[in-house]
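Visitor: Each protein sequence line maps, in turn, to chains P and C.
Reminder that position 270 of the first sequence reads as 270 in the working numbering, one-by-one numbering, no gaps.
Reminder that position 303 of the second sequence reads as 303 in the working numbering, one-by-one numbering, no gaps.
All C-beta atoms, glycine included, are put in the ideal place defined by N, C-alpha and C.
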Amino acid sequence: MDYPVRVYGPNVYELVLTKYLAGLGLLLLSWTVAAALWPATLAVASTSAAGLLVGATGAAALAIVLAGAGLRQNRAALDLGFALLAAVAVAWTAAAIVESEAIALVAGGLMVAAFAIAWILRHAAVQARYKPRFFSPRQFETLIQVADTMIDGDGREAIDSVDIAVRVDHLLAETSSPALPQIKLVLILVEWVLPLLVVRPLPFSTLGSNVRRSAVEGVIGTGGFLRPVARTLKVLSCVGYYGNPETMRGLGYVPFDERPRAIGVDQSPVHYPDPFPGPPGS
Amino acid sequence: MPSGERLSPYTRAVPVFVKRSTDKLQALAGALDGGGFSDEVERIVDDGDPAATRIAIKANIMGAVASGEAEATYTDPQLVESLIGRLREYGFTQMSVVDSRLDAGESMTEVAARLGYHADGYELVDLSEETDPFDYGGVLGRHPVSPTWRDADIRISFAKNKSQWECFYSGAMANVLGCLPEPDKRRWYRGRGHAASECVRTALAALPVHFGLVDAWTSRDGRGRPGRGGKMRQTGAVLASANVIALDWVMGEKMGVDPALNPVMQEALHRWGRIELIRRGDLMPWEPWERPGPTTVALAGLIGGRGAWTIQ
Numbered sequence: 001m002d003y004p005v006r007v008y009g010p011n012v013y014e015l016v017l018t019k020y021l022a023g024l025g026l027l028l029l030s031w032t033v034a035a036a037l038w039p040a041t042l043a044v045a046s047t048s049a050a051g052l053l054v055g056a057t058g059a060a061a062l063a064i065v066l067a068g069a070g071l072r073q074n075r076a077a078l079d080l081g082f083a084l085l086a087a088v089a090v091a092w093t094a095a096a097i098v099e100s101e102a103i104a105l106v107a108g109g110l111m112v113a114a115f116a117i118a119w120i121l122r123h124a125a126v127q128a129r130y131k132p133r134f135f136s137p138r139q140f141e142t143l144i145q146v147a148d149t150m151i152d153g154d155g156r157e158a159i160d161s162v163d164i165a166v167r168v169d170h171l172l173a174e175t176s177s178p179a180l181p182q183i184k185l186v187l188i189l190v191e192w193v194l195p196l197l198v199v200r201p202l203p204f205s206t207l208g209s210n211v212r213r214s215a216v217e218g219v220i221g222t223g224g225f226l227r228p229v230a231r232t233l234k235v236l237s238c239v240g241y242y243g244n245p246e247t248m249r250g251l252g253y254v255p256f257d258e259r260p261r262a263i264g265v266d267q268s269p270v271h272y273p274d275p276f277p278g279p280p281g282s
Numbered sequence: 001m002p003s004g005e006r007l008s009p010y011t012r013a014v015p016v017f018v019k020r021s022t023d024k025l026q027a028l029a030g031a032l033d034g035g036g037f038s039d040e041v042e043r044i045v046d047d048g049d050p051a052a053t054r055i056a057i058k059a060n061i062m063g064a065v066a067s068g069e070a071e072a073t074y075t076d077p078q079l080v081e082s083l084i085g086r087l088r089e090y091g092f093t094q095m096s097v098v099d100s101r102l103d104a105g106e107s108m109t110e111v112a113a114r115l116g117y118h119a120d121g122y123e124l125v126d127l128s129e130e131t132d133p134f135d136y137g138g139v140l141g142r143h144p145v146s147p148t149w150r151d152a153d154i155r156i157s158f159a160k161n162k163s164q165w166e167c168f169y170s171g172a173m174a175n176v177l178g179c180l181p182e183p184d185k186r187r188w189y190r191g192r193g194h195a196a197s198e199c200v201r202t203a204l205a206a207l208p209v210h211f212g213l214v215d216a217w218t219s220r221d222g223r224g225r226p227g228r229g230g231k232m233r234q235t236g237a238v239l240a241s242a243n244v245i246a247l248d249w250v251m252g253e254k255m256g257v258d259p260a261l262n263p264v265m266q267e268a269l270h271r272w273g274r275i276e277l278i279r280r281g282d283l284m285p286w287e288p289w290e291r292p293g294p295t296t297v298a299l300a301g302l303i304g305g306r307g308a309w310t311i312q
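#1: So, helix, strand or coil for Lys19 of chain C, using DSSP?
#2: Can Ala66 of chain C and Ala300 of chain C be called in contact, C-beta distance under 8 Å?
#3: Would you kindly work out how many angstroms separate the C-alpha atoms of Gln94 of chain C and Val80 of chain C, rounded to a whole number?
#4: Is the CB of Ala147 of chain P under 8 Å away from at least one CB in chain C?
#5: Tell me which residues share the same chain as Lys254 of chain C and place their Cβ nearer than 6 Å to its Cβ, disregarding the 5 neighbours each side in the sequence.
#6: Indicate whether at least one CB of chain P lies closer than 8 Å to the CB of Glu198 of chain C.
#7: Give me the Cα-Cα distance between Thr212 of chain C and Asn244 of chain P, rounded to the nearest whole angstrom.
#8: Taking DSSP as the reference, what is the three-state secondary structure of His143 of chain C?
#9: Establish whether the CB of Thr295 of chain C and some CB of chain P are separated by less than 8 Å.
#10: When you compare the CB of His143 of chain C with every CB in chain P, is at least one pair closer than 8 Å?
#11: Rounded to the nearest angstrom, what separates Tyr20 of chain P and Ser100 of chain P at their Cα positions?
#12: Rounded to the nearest angstrom, what separates Ala259 of chain C and Leu15 of chain P at their Cα positions?
#13: Leaving aside the five residues before and after Gly304 of chain C along the sequence, list all residues of the same chain whose C-beta is less than 8 Å from its C-beta, in chain order.
#14: Which two residues bound the contiguous beta strand (DSSP E) that contains Gly281 of chain C?
#15: Looking at the structure shown, is Ile159 of chain P part of a helix, part of a strand, or coil, going by DSSP?
#16: Mind pulling the chain C residues with CB within less than 7 Å of Leu15 of chain P?
#17: Tell me the rounded alpha-carbon separation between Ile164 of chain P and Ile183 of chain P.
#18: Residues of chain C with a CB under 7 Å from the CB of Ala128 of chain P: which are they?
#19: Does DSSP put Val295 of chain P in a helix, in a strand, or in coil?
#20: Inspect the CB distances between the stretch 145 to 153 of chain C and the stretch 221 to 230 of chain C and report whether three or more fall short of 8 Å.
#21: Run through DSSP, which three-state label would Thr218 of chain C get?
#22: Would you mind listing the alpha helix (DSSP H) stretches within the stretch 41 to 93 of chain C that are 4+ residues and don't spill past its ends, in chain order?
#23: Would you list the residues sitting across from Ser240 of chain C in a DSSP beta bridge?
#24: Considering only the beta carbon of each residue, do Ala139 of chain C and Gly193 of chain C sit closer than 8 Å?
#25: The alpha helix (DSSP H) spanning Tyr169 of chain C covers which residue range?
#26: What number of angstroms, rounded off, separates the C-alpha of Val238 of chain C from the C-alpha of Gln145 of chain P?
#27: DSSP puts Pro133 of chain C in a beta bridge; with which residues?
#28: When we look at the beta-carbon of Ser3 of chain C and count the other beta-carbons within 10 Å, is it buried (16 or more) or exposed?
#29: Identify each residue in the stretch 238 to 263 of chain P for which the Cβ-Cβ distance to at least one residue of chain C is less than 8 Å, and report them in chain order.
#30: Taking only runs of the alpha helix (DSSP H) that begin and end inside the stretch 42 to 105 of chain P, which ones reach a length of at least 4 residues, in chain order?
#31: So what's Ser237 of chain P in DSSP terms, helix, strand or just coil?
#32: Chain C partners of Ala124 of chain P, CB-CB under 9 Å?
#33: Output needed for Pro9 of chain C: all residues of its chain with C-beta closer than 7 Å, excluding positions within five of it in sequence on either side, in chain order.
#34: By the 10 Å Cβ neighbour count, where 16 or more other Cβ atoms means buried, how is Asp99 of chain C classified, buried or exposed?
#35: Reducing DSSP to helix, strand and coil, say where Leu26 of chain P ends up.
#36: Assign Gly269 of chain P to buried or exposed, taking buried as 16 or more other Cβ atoms, counted over all protein chains shown, within 10 Å of its Cβ.
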């Protein structure tokens, strides 16, 4: 059988996670319905708080089912599903211990295990897809969205935003600088704080391109402590985009070594004598 | 440096030829002819002297150790020696068959001798035994290299047609993991920041492989750990191409696996971009063929193997 060549196709972890989430979502949904029908037996207690917990479990199930329909396309549902599943898993377990409910405790334990498996698979999926060397998988995903926002070529970009992020990640991995932790901090701020500027209490990477652009424009327009954030985003994107040989070729830039007038030019470094050969005062 | 080095062997549209035959040496000869081996050799040597040209053939020898020397898990010595015979006809005299150690176990030369390699008219070189520092760049950075592999003018990867539970199948690219000399491959070439696929891609970029062959005279399928389970299959073919990415792609198709899911292939496509496939010869899938599923590959990727680990 002939398979079409796909450069950015899914990896095995994404395939497995997709199937896993689809099954997990349906299981959770079934559990929600069962717990709603027989609260005395399956829910933690027959109270409104326990009812809310069952409702939250249903919401987690729906988000996970949606995420299982397409990981890359339904990124926001995936984030929401993970957050809700973690919360309800802890809540079921804690409430079951307090109320001494064996069935609810087993359910809570299984939800914790299900969340752990999903988290491991998701982490492996992002790791396998991008193999970041400097950034964490989450920070790397943020950087992709930053590059997508900052390099706005309306489809005429020479390289993909993933390539931009990969280049930045690899460059930073080979760099030694005290500023490196601050670059990571900037991406954490961008992911979790920046969306608040445009009144979107969601992670930056789950926002649509227009909202992301508004958020970044907000940072650029605002002075004060956000100015270094804007500068960092610009530098990261430009280094990743314009530092790529493919972009250089696309723009018509010819490296010095390849220019006709560079042929035969002695480019060996000139070594000057050290004007201060000994330590001061010696 | 041979003139052929200027063109990346991984971006050229060249045929992948699958030759099926009732005689294994005829299968090899057919694959070499169909895969453009002579043209490739002429292109690389150009006006140079064949007698001064060094050739390194990376056969899959230590894959046998990783799989407990199960049948059909290493490159057939007869095929490798037949290839050497053909190279001798072109006037080449400096030929080495190479692989590196796995863990602190036996030397590659001892294993090769036991498997049937005679070192008659060629050298058997254990790439772990004599190394120099070398800047591979990428995830490997400064790391040892064997001068035999580094200084070869023509590098050939001669892989075995077999399933592999961490990457669906082990092809001519994964075979190059054995060119990296550290014996403890699990420690050096597996894990975050230096995944096996990244190490293979870096090794392929730093020291390009000019021609790839896959010994599918006999093959090994299976869903689980290397050499455990699965069966030896009489597939009776040899695959050849001057582009190892395209070669591995067709190898995956023959096994009924989507090659794009293979982590080594994914890494290569990310690095070198889309390839153009020119499929030639017998393209029917192997039947029957047991292959690992995505869940097995994902689990194997997470937990990995023990001792004598490799993906080749």
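Guide: Quick look at the numbers:
#1: Reduced to three states, the DSSP call for Lys19 of chain C is strand.
#2: No Cβ-Cβ contact shorter than 8 Å links Ala66 of chain C with Ala300 of chain C.
#3: So the two alpha carbons sit approximately 15 Å from each other.
#4: Contact of Ala147 of chain P with chain C is not assigned, every C-beta pair being separated by 8 Å or more.
#5: Closer than 6 Å at the Cβ level, and outside the excluded window around Lys254 of chain C, lie Pro285, Trp286.
#6: The beta carbon of Glu198 of chain C sits closer than 8 Å to some beta carbon of chain P.
#7: It is Gly, not Thr, that sits at residue 212 of chain C in the sequence shown. Computed Cα separation, rounded: 30 Å.
#8: In the three-state reduction of the DSSP assignment, His143 of chain C falls in the strand class.
#9: For Thr295 of chain C, the nearest beta carbon of chain P is closer than 8 Å to its own beta carbon.
#10: Closer than 8 Å: no.
#11: Take the alpha-carbon of Tyr20 of chain P and the one of Ser100 of chain P: they are about 30 Å apart.
#12: The residue you asked about is not Ala; residue 259 of chain C is Pro in the sequence shown. Leu15 of chain P has its alpha-carbon roughly 14 Å from the corresponding atom of Pro259 of chain C.
#13: Closer than 8 Å at Cβ, skipping near neighbours: Glu166, Arg186, Arg190.
#14: Start and end: 278 to 281.
#15: Ile159 of chain P carries a coil assignment under DSSP once its states are collapsed to helix, strand and coil.
#16: Within chain C, the C-beta atoms nearer than 7 Å to that of Leu15 of chain P come from Pro294, in chain order.
#17: Just so you know, the alpha carbons of Ile164 of chain P and Ile183 of chain P end up roughly 16 Å apart.
#18: Annotation: Cβ neighbours of Ala128 of chain P in chain C (cutoff 7 Å, chain order): Pro263.
#19: Outside the shown range of chain P, which is 1 to 282, sits residue 295 of chain P, and nothing can be said about it.
#20: Cβ pair count under 8 Å is below three, so no.
#21: It is a strand residue.
#22: Within the stretch 41 to 93 of chain C, the complete alpha helix (DSSP H) runs of at least 4 residues are 63 to 66, 77 to 89.
#23: In the sequence on display, residue 240 of chain C carries Ala and not Ser. Looking at the DSSP assignment, Ala240 of chain C forms a beta bridge with C:Phe17, C:Leu213.
#24: Correcting the residue type first, residue 139 of chain C is Val in the shown sequence and not Ala. If you check the CB distance, Val139 of chain C and Gly193 of chain C come in under 8 Å.
#25: Residue range 168 to 170 is occupied by the beta strand (DSSP E) that includes Tyr169 of chain C, with no alpha helix (DSSP H) assigned at that position.
#26: Cα to Cα, Val238 of chain C sits roughly 45 Å from Gln145 of chain P.
#27: Pro133 of chain C pairs with C:Pro144.
#28: Here Ser3 of chain C scores only 37 on pLDDT, less than 50, and its place in the model is too uncertain to base an answer on.
#29: Result list empty, no residue passes.
#30: Runs of the alpha helix (DSSP H) inside the stretch 42 to 105 of chain P: 48 to 68, 75 to 99.
#31: Here Ser237 of chain P sits in helix by DSSP.
#32: Residues of chain C passing the Cβ test: Ala298, Gly301, Leu302.
#33: When the five nearest sequence neighbours on each side are left out, the beta carbons in the same chain lying within less than 7 Å of the beta carbon of Pro9 of chain C are those of Pro208, Val209, His210, Ala242, Asn243, in order along the chain.
#34: With 16 or more other Cβ atoms within 10 Å, it is buried.
#35: When DSSP states are grouped into helix, strand and coil, Leu26 of chain P belongs to the helix group.
#36: Note that residue 269 of chain P is Pro in the sequence shown, not Gly. By the 10 Å Cβ count, Pro269 of chain P comes out exposed.
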